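A short write-up of the structure that comes next.
Pasting the structure below:
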């Protein structure tokens, strides 16, 4: 019999913590929530203070029975779910089921799964924080009232299987609004003049700035011709040289949002995958007996804080001093809490900076290694000295026409020795050479070239951009970004093409209906205010049922109006222009969980379906009869196969191209390389750079 029972959420976490605590402790997993609102009904008593009706989740009966049995045998039960609202709610539900006094010191929280952190947390148990529980409960009730009242209405009026949620509806609205911006965008013409200059043997570039020291915009070709006529000959004089030293500070350590954005940019991870892999790193990885077995490698990954503990800063300082030298040490500044951040716990960082990625590579999967490396490098860089750049701006004159050339070089790498933050925007290289120039010198213009441009519409959202926008607008919280993006894709409200979101017809119809009958649900400001109200509940400044009541009174009126006035909308299936090979009826495009597919219009009499195949203009190299088409695996990975499958089983993960190898006549394919795309032969060593 164990003296103490500790209940956590996952079995992986349970094994690690039990080893840290010793023989007197038995650690068991609740496997997440054990109680929730019933699936078959709303489960909210709107007539009696919005009291929720909780039941044991179907399939959790054996888990609850096992926990009850273990709790009876233990002297003391500790509830150690995750350190956030959701974890606090899980602890509260467990306390109810196991008859534990929530006001007793039964709650234990930790931000990282390391021996010291776990042991220290058990020295400071506390009671269940009901403000946190109420904030989670208020969100759950709000989402249930919205989802379970609007969704059936959408099923009846539009299409079965639809859903409406507070945060997901706003996310879809953002994507639709961006699409409207793109459709309504009117490009404007503008021009630039670029110059290729030379001093002795050194060549460099410069751009037109203005005339007589004043900046001039070039809107038309006539403006350009006016400037070109002013330029006399090819000689430009160096009028002014400005040299400056610029400091570039490192990015702060990761929050949930910035981690998802950077993993999308640098690792091509979806938000859902980032959180799944981060969870594995947090809960613990078996590093082998020599390294102490299972260890949690990162701190808790659901956070909006960039705060770092003093102990972690000190460890990083020692590591940087030993590995890179004293000059690379950063100055510890007091970090400001960003507006709207809950700041409940630390930034996402390695639990020990001494565990460098290379030393762990053999123990980690490829995805785990890449994400851990990203987190480790970002944290270490955040504690390092700024980079120092030498910048130089040269003013070049010819008959009052001014060109400017800028250059920079890294004087001291600082944090850049370890990590440079990614960006969604393409930027010019930081290091751009300029020769040693001084005032009074003359340079020769080898070429003066005007270029016509047109302003571009705003880009469609990538996952990274959408997460960043949601965070900036205070829509949702760290734990909601990934599930929100996943839901709007599964429901068929948006599609992804070239890693960018586009609204579907279905998503647009649902959003238009929501705008007409439930404008507040998809209003960005209202949704952000609601997040603020939930934060006020967490901080104990207001009661949760007041927030619900203020929302529900108006929502109920809108719901009755929608039930009476909303017209039935028929979404007609789009004809595919081909006949069903089974019954001869026309095939139509349907929207499913994984996007569009072809189905027979004679359903349910004929249930023929097939995927939409995208031809790439290449004959099958195996059977010589079929065409190579783009397909997707069950895990949504693109591959290429013959359209005569199963008669022909040709398959390739790399994209074939429509010409044979010039050396051996075998198939050529496109392969991803570090510097773009490369064309390679599947049989010999022939390679060539792909034309962009």
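In full-length UniProt numbering, the protein residues as written are 1 to 692.
Glycine included, every Cβ here is placed at the ideal spot set by N, Cα and C.
Here the structure is a predicted model, which means the values were calculated and not measured.
- In terms of Cα proximity to residue 189, the closest of 662, 452, 44 and 45 is 452.
- The DSSP-derived three-state label of residue 680 is strand.
- Under the three-state reduction of DSSP output, residue 450 falls in the strand class.
- DSSP places residue 37 outside both helix and strand once states are collapsed to three, so it counts as coil.
- In this structure, DSSP gives residue 317 a helical state, which the three-state scheme calls helix.
- Straight-line measurement puts the Cα of residue 445 at about 15 Å from the Cα of residue 239.
- Residue 688 carries a strand assignment under DSSP once its states are collapsed to helix, strand and coil.
- Here residue 638 carries a strand assignment [DSSP, helix/strand/coil].
- Collapsing the DSSP output to three states places residue 523 in coil.
- When DSSP states are grouped into helix, strand and coil, residue 231 belongs to the coil group.
- Sixteen is the threshold: when 16 or more other Cβ atoms of the shown chains lie within 10 Å of the Cβ of residue 83, as they do, the residue is buried.
- DSSP places residue 410 within a strand segment (E or B) once states are collapsed to three.
- Cβ neighbours of residue 622 within its own chain (closer than 7 Å, five residues either side excluded): 642, 648 and 650.
- Take the alpha-carbon of residue 169 and the one of residue 486: they are about 13 Å apart.
- When 353, 564, 589 and 662 are compared, the shortest CA-CA separation from residue 571 is found for 589.
- Under the three-state reduction of DSSP output, residue 632 falls in the strand class.
- Taking 8 Å as the upper bound for CB-CB distance, residue 147 and residue 163 are in contact here, some 6 Å apart.
- Shown here for residue 416: same chain residues with a beta carbon closer than 6 Å to its own, the five before and five after excluded, namely 387 in chain order.
- Two segments are said to touch when three or more pairs of C-beta atoms, one from each, lie closer than 8 Å; by this definition the stretch 281-297 touches the stretch 11-26.
- The stretch 332-401 is shown to contain whole beta strand (DSSP E) runs of 3 or more residues at 387-398, in chain order.
- Per DSSP, reduced to three states, the secondary structure at residue 80 is coil, with no helix or strand assignment.
- When 468, 304 and 182 are compared, the shortest CA-CA separation from residue 261 is found for 468.
- The residue from 369, 454, 270 and 259 with its alpha-carbon nearest to that of residue 305 is 259.
- Per DSSP, the continuous alpha helix (DSSP H) segment holding residue 144 begins and ends at 130-157.
- Excluding its 5 nearest sequence neighbours in each direction, residue 368 has C-beta neighbours in its own chain below 8 Å: 277, 280, 281 and 285, listed in chain order.
- Under the three-state reduction of DSSP output, residue 47 falls in the coil class, being neither helix nor strand.
- Counting only runs of 3+ residues, the beta strand (DSSP E) found wholly inside the stretch 488-564 occupies 494-497 and 500-503, in chain order.
- With 16 or more other CB atoms across the displayed protein chains lying within 10 angstroms of its CB, residue 373 is buried.
- Residue pairing by DSSP places residue 329 opposite 384 in a beta bridge.
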